[in-house]
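This report concerns only the one structure given below.
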Amino acid sequence: MKKKLTPYSIEKKQVRWGFLFTVPCLVFFAVFSFYPIISAFLTSLTNRDAIRRTYDFIGFQNYTYLFTQSNGGFSLLNSLKATAIFTVGTFVPMVVVSLILAVLIMQLRKPGHSKMFELAYYTPAVLSSVVAATIWMILFQPTGLFNQISNFVMHTSGKDYQWLTNNSMLRASTIIVYFWKYIGYFTILFITGLASIPPTIYEAAIVDGSSRWHTFWKITLPLLKPTVVLVSIMAMLQCLKTFSTQYMFVQGGTAREPIDVITMNIYYTGVVNRRLGRSSAMSIILFLIMLCFTYLQFSTQKGGDDVEY
Amino acid sequence: MKKALIAMLLVLAIAFPMFAQGAVEEDNSPITLEFWTHEDAARAELEDKWIKEFQEIHPNVTVNVTRQSAEKLRELVQTAFASGEGPSFFNLPIENEYQYIEAGRVAPCDYKTLGFKDAADLLDHYQDGMIDAVVYDGDVYGLPLELTNWSIFINKNVFRAAGLDAETDYPKTWEDMVEVSSKIVLRDGDIITRRGFDFRYSYELTYFVPMVEQLGGELNEKEGCVNKDAWVKALTFMQNWGPQGLNLGNSSLTAARKLFNKNNGDIAMANTGLYQESRILTDNPDFYNSGEWMVVPYPVFEDAVKNVAGCYYGHFYMVNADKSEREQKMAWELIKYFLLTEGHAEEYLTNVGLIQPLKTLMNGETYQSMPYSDVFSGDFARSHIVYYGKGAAEIQSAIGSAVKSVMLQGTDPAAAYDALQKNVLEILAD
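From first to last, the protein sequence lines stand for chains R and F. Note that the working numbering has the first sequence beginning at 3, numbered continuously upward. Note that the working numbering has the second sequence beginning at 672, numbered continuously upward.
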């Protein structure tokens, strides 16, 4: 039953204050997020060109075009495929490896050691994506470090592993750059999650004779579920929005199709080719995809038991 | 009495301005010009000096210069125009600039301010047909900062190191280019450590379309990529050049023209313009003065049906039509000061290597005495301006994609052509 608030009640006062505190956030969201989304949606229903003064309302033609035509050789379907490959190839290993790294770092007994590793893993996240991609492009060059390492590991000599020219290797290269850049960031998030689990639970497990492996699966992982969900949502959204790495690689002369992720296609279609209506339609499609995945992940979380210490 | 005096003063106050016969006062109120251009250190030095001089002549004028990389500038100008915040005047390559004329976003030349009688008089000062790209509905919409074509720069040292004599063994045909590059290239296994030559990938309208034209093909606004055989043959040549073929070079390696000036044995030939000469002088004066470099004409295929050199492209100064008349006029004044002041065209040429297609410049002693200007003139004579029509930027991306797909991904050239033609027709129909 809905609780009726009496005039001048403390609850009513709290509601007022609560609303007042959320107003700046709501205004910020409305101006910088909600308005652009609405504006992009309205633009997606037009044939707006960046430099033409006039444009017409064309309904959902941009959407039908994107799913049926090649967009000058750089189709949306190819971009969806490139984005899916990148997201799955990056997000899954990133969540798993960052969790493993976080657990390993937490096992270190000396705090100085754990801080050193945290710092080392986190440093790439601070570096600009453009700088990171440029550095990695040099490493992936035929005469670069990666071919030398590959030749050493594979016991070959002078073989070009085509890190920037072969389709699969090119995709792997962008995944490596992204993985290297963000693994530390997600490791820190997991460390924060792990640190919030009360040590008394582990002590009880040790007393009960639980092995480390068993403790991890039966205690750590279930209690870490909210962090896992948070990290996986953040990692997935970040992967879906990837741009700088692919853009810098294409600027460096690699083929565009294998790594033509949606954000890059939006950029080329809107900013380079001036088709603002069509690129807005792509943005809305990307927005809906991200919305769906986020909803799915939240639903998965709701399906389980709530975690309480 | 007092009332009558006030009334008389009021009448006089109204009447004096009405019957004033003096000359119209020049508006000397402050004016700010936003000038956006691409980065070029040598040109920046010249233009900054001229802006200073211009501001001394016009103390009420402030000029804010924004310099960005060529790629970035194209996006910046476009985004600014989309939001109605474009600069007072700017320059871009013609294949990106023409759309601004078509869309009515740039103003026709102010002939009077520039010192010409009319459009015909202006055109008469330039080489025949060379600035036709900016003529629209009888008006001229921009003045050329540069008209550039690319020939082949050769490093004689690298030729010698490969046992070749650059003076006699330089490539005259594309088949020669393959042969010479095969002799020069050095590899550690599959990995190229020295290249003979490499193309200017991403500028396919400038270097690749002329190769197709040599074989009888064409790119036009109505039919797209005309003559499949010619296109397939040119794409096959590129496939043979890349890692799937003879492995002589590819688009992911460092651009040839960037390595050329260093003279460190990495590359023997680069496809670039006259401006490279001043860049060699700036980057590596010893190499410039050594006489160990030369320039030769753009090659043709042995079985070419048309003797075409690489396309030339232009950067034109254009004025934003959305700005006030006064701002537009002042922008044209400054453009005139940059380009048409006596001796400036020669300074652009000698200090930056930029060719303005002015009759007085191209027939004058300064141009004729520039090293290898005869080679560039010869290539100009057998070339035409780059495709700048509908969807130029998109078509260039589509051709670039076809070239990379045959070179890097091993796509069959015929299949790559079919996809390219489909994409180009779609762009043109859109």
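Glycine included, every Cβ here is placed at the ideal spot set by N, Cα and C.
| Check | Outcome |
| --- | --- |
| Please go through the stretch 879-933 of chain F and give each complete alpha helix (DSSP H) segment of 4 or more residues, from N-terminal end onward. | 899-912 and 927-931 |
| What are the boundary residues of the alpha helix (DSSP H) that Arg-745 (chain F) is part of? | 741-753 |
| What's the C-alpha gap between Lys-15 (chain R) and Phe-23 (chain R)? | 12 angstroms |
| Can we say the stretch 767-776 of chain F touches the stretch 988-998 of chain F, given the rule of at least three CB pairs closer than 8 angstroms? | yes |
| Could you have a look at Asn-1022 (chain F) and say whether DSSP puts it in helix, strand or coil? | helix |
| Hey, does Ile-2 (chain R) have any beta-carbon neighbour from chain F nearer than 8 angstroms? | Nothing about residue 2 (chain R) can be read from this structure; chain R reaches only from 3 to 311. |
| Verify the CB distance criterion: does Glu-13 (chain R) have a CB-CB separation below 8 angstroms to chain F? | no |
| Assuming contact is defined by CB atoms lying nearer than 8 angstroms, are Thr-85 (chain R) and Ile-264 (chain R) in contact in what I supplied? | yes |
| What is the residue span of the alpha helix (DSSP H) that Asp-1089 (chain F) lies within? | 1084-1100 |
| If we ignore side chains and look at the alpha-carbon of each, how far apart do Val-230 (chain R) and Pro-224 (chain R) end up? | 9 angstroms |
| So, helix, strand or coil for Trp-721 (chain F), using DSSP? | helix |
| Please classify Tyr-771 (chain F): does DSSP put it in a helix, a strand, or coil? | helix |
| Excluding sequence positions up to five away, which residues of its chain have a Cβ less than 8 angstroms from the Cβ of Thr-302 (chain R)? | Val-231 |
| Going by C-alpha to C-alpha distance, which of R:Phe-295, R:Ile-291 and R:Leu-278 sits closest to Asp-58 (chain R)? | R:Leu-278 |
| Given a threshold of 16 other Cβ atoms within 10 Å of its Cβ, counted over all protein chains shown, does Gly-981 (chain F) qualify as buried or as exposed? | buried |
| Would you kindly work out how many angstroms separate the C-alpha atoms of Val-880 (chain F) and Val-1057 (chain F), rounded to a whole number? | 9 angstroms |
| Output yes if chain R places a C-beta closer than 8 angstroms to the C-beta of Glu-1097 (chain F); else output no. | yes |
| Residue range of the beta strand (DSSP E) that Ser-116 (chain R) falls in? | Here Ser-116 (chain R) belongs to no beta strand (DSSP E); instead the alpha helix (DSSP H) covers 113-128. |
| To test your reading of the DSSP string, which unbroken alpha helix (DSSP H) runs of 4 or more residues are found completely within the stretch 245-309 of chain R? | 246-253, 264-269 and 278-305 |
| Rounded C-beta distance between Gly-809 (chain F) and Ala-790 (chain F)? I'm assuming under 8 angstroms. | 6 angstroms |
| Give the residues from the stretch 842-872 of chain F that approach chain R closer than 9 angstroms (Cβ to any Cβ), ordered along the chain. | Arg-858, Asp-859, Gly-860, Asp-861, Ile-862, Ile-863, Thr-864 and Tyr-872 |
| For Ile-825 (chain F) versus Met-940 (chain F), is the C-beta distance shorter than 8 angstroms? | yes |
| Is it the case that the Cβ atoms of Ala-1064 (chain F) and Asn-767 (chain F) are separated by a distance below 8 angstroms? | yes |
| Short check: CB of Thr-167 (chain R) to CB of Asn-921 (chain F), under 8 angstroms? | yes |
| In chain F, which residues lie less than 9 angstroms from Arg-258 (chain R) when you measure between Cβ atoms? | Ser-1068, Gly-1071, Ser-1072 and Lys-1075 |
| Rounded to whole angstroms, what is the Cα-Cα separation between Leu-82 (chain R) and Asn-73 (chain R)? | 13 angstroms |
| Alpha carbon to alpha carbon, how far is Thr-145 (chain R) from Lys-1000 (chain F)? Give it in angstroms, no decimals. | 54 angstroms |
| Cβ of Ala-1087 (chain F) less than 8 angstroms from any chain R Cβ? | no |
| Taking CB distances under 8 angstroms as the criterion, tell me whether Arg-831 (chain F) reaches chain R. | no |
| Check the C-beta distance from Phe-88 (chain R) over to Thr-256 (chain R) and give it rounded, since I have them as a contact under 8 angstroms. | Wrong, their Cβ atoms sit about 14 angstroms apart, outside the cutoff. |
| Just checking, does the stretch 98-113 of chain R make contact with the stretch 184-195 of chain R on the three C-beta pairs under 8 angstroms criterion? | yes |
| Give the DSSP bridge partners of Gly-985 (chain F), in chain order. | F:Leu-818 |
| Can you say whether Trp-219 (chain R) is buried or exposed, counting buried as having 16 or more other CB atoms within 10 angstroms of its CB? | exposed |
| Can you give me, in chain order, the residues of the stretch 37-64 of chain R that have a beta carbon less than 9 angstroms from any beta carbon in chain F? | Arg-50, Asp-51, Ala-52, Ile-53, Arg-54 and Arg-55 |
| Between the Cα of Tyr-969 (chain F) and the Cα atoms of F:Thr-943, F:Asn-960 and F:Tyr-769, which residue gives the shortest distance? | F:Thr-943 |
| Tell me which residues share the same chain as Arg-928 (chain F) and place their Cβ nearer than 6 angstroms to its Cβ, disregarding the 5 neighbours each side in the sequence. | Ala-941 and Thr-943 |
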